[in-house]
Structures are given as C-alpha cells and as structure tokens.
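One structure is given below, encoded as structure tokens.
Residue numbers (our numbering), protein chains in the order written: chain A, 1 to 88; chain B, 89 to 416.
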C-alpha cells in the first residue's frame, strides 16, 4: 500500500501532466481549491476519478464525489489514504 | 424604499421598442453581409419561434425560411409546434428529415455503444438520456449519469466515466451540426444569412454545440435573458401553446429538461442568478427572492463561473499559431 508521501507525489504528477501546462505542480498549495484555481473543471474531475481508480484501485462512489474529498491535493491524498486504509 | 431584488429587474419596459431595435439591427447586419433574408432552424421552442417572428418583421415573411429538421429522437410535439411557429410568423418552411444522415454518420450507433459499455443490457427498444445532479440539493461535483428506460419499464442509472461521456456527447453533437449544415445549405441557395437562436443564458453559459447550434451569422436574441424572450414572444403574438411549452433539449430518446442536462435551476431563476452575478447582487438578496439559502445561491454562482470558463472554448474563433502572413 503506498504511503501518503507517495500518494501526494503521484497526485501532483497527475495534475501537472494533465492540467497544469507551465510548471510541475510542485508549487500548488496543498489546501488550494483546484476548482477555484481553474485547475479542475467537471471534465477534469472525471479524469481525476479515473486516475484514482486506476492508479490506486480505489473505486469512488457517487456519494463521495464531493469537494471535501477531491478539491485540493491534501483532500485527495487524505481521501485515497482513508479508502486504502479501509481496504477499498 | 428601493424595491427588493426580484423578477422585475428583467422586465422589458417597452417590448415594441425592443422589437424595433432588434429588427433594425437584423436588417443592418444582414445588409452588411450583402445577403437578403434569413434562414433558421425551427424546433417548436420559444427561442426559434421568437427569432422567426422577428425575422418576418425585419425582412418580410417572404424573405425568411424556417427549416424543420426532426430526427428519430425528436418529441412528438416538435414538428407540429415548429409548423405552428412558421404559420404564426407567416414564413415558408423546408422539411429536412435528418435521421438518415445521422444514421449514415453513425450518430445513434456511436452513442449507443457508449451507453452499452455503461449499461450492458442497453439495446433496441431502450430509451436513455444523460443527467446531472442538482446544484441546489447537493454539494457534489456535477458529473453526468446515464438514465436508461428498459422496454419492461425498469429505470437504470449509472455514472458515465469520462470516455463514455465524451463519446455520447460527441455522437449527439452530430444532430446540431447536421442541422446547421442544412441551414447553411438553404442560406447559400437563397443568398440569406443564418439566424442563430440562443438566448443570453444559453449564449453566456455555453449551452450550445460549437459549429452546431452555436454557429450563425446573426444572433438576434443573444442579449436577452430567457424571461425577456418570453415577454417579447407575447408582444410578437407567439401562440400560447408554444409560450407555455416547458423548455427541453429534445436531443435524447427520453424527455430531458434543461436543468437535468445543463443549468442549475429553471430558466427564470437562472436568469436572475446570471443577472445578479453581472450586477454585483449578493447571494443573500438573491436567496430571499428565489426561496433558496444563500449557500445554495453561492453554489449556483460558482456553477455560472465554471461554465463561463468552459464556454470560452466554445466561443473562440480559430486561432493562428503564428501571427503574420503565411510563409513570413
């Protein structure tokens, strides 16, 4: 099971590769809202869900598609960590 | 004391003056293109009916053509109400049944392939549409689901993964693009302009298909909130049956409201939220008027901002990668 540091690195890399054209994403604040910052739109959220499900084997049910789970790097990492710990 | 925020802010003070301003503008723009009339697609909805009536006043009914373009998934009312729109405006129509064209390009097959990946049982005899969750009732991200109605009456609902969502939208966009292609055929044949029918809500929020219903030479009502389109409809004598028809996308085989597919709220409330965003009216004042909480209105405001970001691409004209004359 990947640790939180690895999850954080992979999530940032995914965001950098797919949504942030001009830098590596390393300077993205952990708590910065990805939707407010214009990084993610609804299509981007679908891409993020697909990435999380494929990369970490975590299936995200409809009721979990909330900003509190997916709208910042810190929230995404915490959500994945929580679900992996639950044996998702 | 100042009147509280409410629907009165969208009242058209003098509909006849507004109609005159629009029709003069239509004549000016069409003349500038050196064309001599207008073509538009008729859907039986309020927007195209109002544009037809405006065009008949602007150019004379003999210089306007309404194109009827039903297809396999069109509602039963579409054709009848489209004809009613044409007869009330006194304009000629051309009938273009587009199902064979859509069949030939694989519109239905490609769409159904995607539906079937999500709902393996889906097949002949089924009906379907795609829907969004309510912004007002939930904080969740607005992700599309497919709702499918089985021949035995069962209803199934599944979230659409990215690839399937994109394929469904790409396939159904054939409908709007095919219609626009035919409108331009008639416009070129007659030396007319193509008249677009989006209202302000649709135009601002990107509720159109790029190079489909988003394409036109002149857009006579794109500055009007939908509530204002209804006010002009009354002044123009648009039949009551068309004015009272609930707005629909008329794109999928199951009936689909515009709120299910795109907007956060019914059009009259969306109009007020859009007005509020553009005029700096706070969520508290809007909430009091709409019977919502300030938190719900704030979510609608965010949805409006998000749609504006997404629709920038839809509005964008082709760009040059390098400025300057070719070969420079």
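Positions of the beta carbon are idealized from the N, C-alpha and C atoms, including for glycine.
* **Inside the stretch 192-278 of chain B only - alpha helix (DSSP H) runs reaching at least 4 residues** => DSSP runs (the alpha helix (DSSP H)) wholly in the stretch 192-278 of chain B: 195-206, 250-278.
* residue 58 of chain A lies in the beta strand (DSSP E); which residues open and close that run? -> For residue 58 of chain A, no beta strand (DSSP E) segment is defined, and its DSSP state is neither H nor E.
* To do: Give the secondary structure of residue 172 of chain B by DSSP, where H, G and I count as helix, E and B as strand, and everything else as coil.
  => Per DSSP, reduced to three states, the secondary structure at residue 172 of chain B is helical.
* Report the three-state DSSP secondary structure of residue 65 of chain A (helix, strand or coil). => Here residue 65 of chain A sits in coil by DSSP.
* Asked: Between the stretch 124-139 of chain B and chain A, which residues of the former have a C-beta closer than 8 angstroms to a C-beta of the latter?
  -> Those residues of the stretch 124-139 of chain B that come within reach of chain A (Cβ to Cβ, closer than 8 angstroms) do not exist; the list is empty.
* Asked: If you draw a straight line from the alpha carbon of residue 46 of chain A to that of residue 336 of chain B, how long is it in whole angstroms?
  -> Spanning the two alpha carbons is a distance of roughly 26 angstroms.
* To do: Identify the contact partners of residue 244 of chain B in chain A, using a Cβ-Cβ distance below 9 angstroms as the criterion.
  => By Cβ distance, chain A contributes nothing, its closest Cβ being about 14 angstroms from residue 244 of chain B, past 9 angstroms.
* To do: Ignore the nearest five residues each way along the sequence and tell me which others in residue 279 of chain B's own chain have a CB closer than 6 angstroms to its CB.
  => Hits under 6 angstroms: 123, 124.
* When DSSP labels each residue in this structure, what does residue 492 of chain B get in the three-state scheme? -> Because chain B is modelled from 89 through 416, residue 492 of chain B falls outside the range shown and cannot be assessed.
* **Where residue 380 of chain B sits in the DSSP three-state scheme** => In the structure shown, residue 380 of chain B sits in coil (DSSP, three-state: anything other than H, G, I, E or B).
* Asked: Run through DSSP, which three-state label would residue 113 of chain B get?
  -> In this structure, residue 113 of chain B counts as helix in the three-state DSSP scheme.
* What are the residues that DSSP puts in a beta bridge with residue 183 of chain B? -> Note: residue 183 of chain B is bridge-paired with B:156 in the DSSP secondary-structure output.
* To do: Identify each residue in the stretch 45-68 of chain A for which the Cβ-Cβ distance to at least one residue of chain B is less than 7 angstroms, and report them in chain order.
  => For chain B, the residues of the stretch 45-68 of chain A that bring a beta carbon within less than 7 angstroms of one of its beta carbons are 45, 46, 47, 50, 62, 65, 66, 67, in chain order.
* **DSSP three-state assignment for residue 345 of chain B, whether helix, strand or coil** => The answer is strand: DSSP assigns residue 345 of chain B an E or B state.
* Selected residue, minimal CA-CA separation from residue 35 of chain A, among A:66, A:5, A:56, A:80 -> Cα-wise, what sits closest to residue 35 of chain A is A:66.
* Which one of B:292, B:268, B:341, B:400 has the shortest CA to CA distance from residue 211 of chain B? -> The residue among B:292, B:268, B:341, B:400 with its C-alpha nearest the C-alpha of residue 211 of chain B is B:341.
* For my contact list, residue 153 of chain B and residue 167 of chain B are in at a C-beta cut-off of 8 angstroms; report their separation, rounded to the angstrom. => Rounded, the Cβ-Cβ distance is 16 angstroms, inconsistent with contact.
* To do: Please confirm if the stretch 201-211 of chain B is in contact with the stretch 160-178 of chain B, defined as three or more CB-CB distances below 8 angstroms between the two stretches.
  => No contact exists between the stretch 201-211 of chain B and the stretch 160-178 of chain B.
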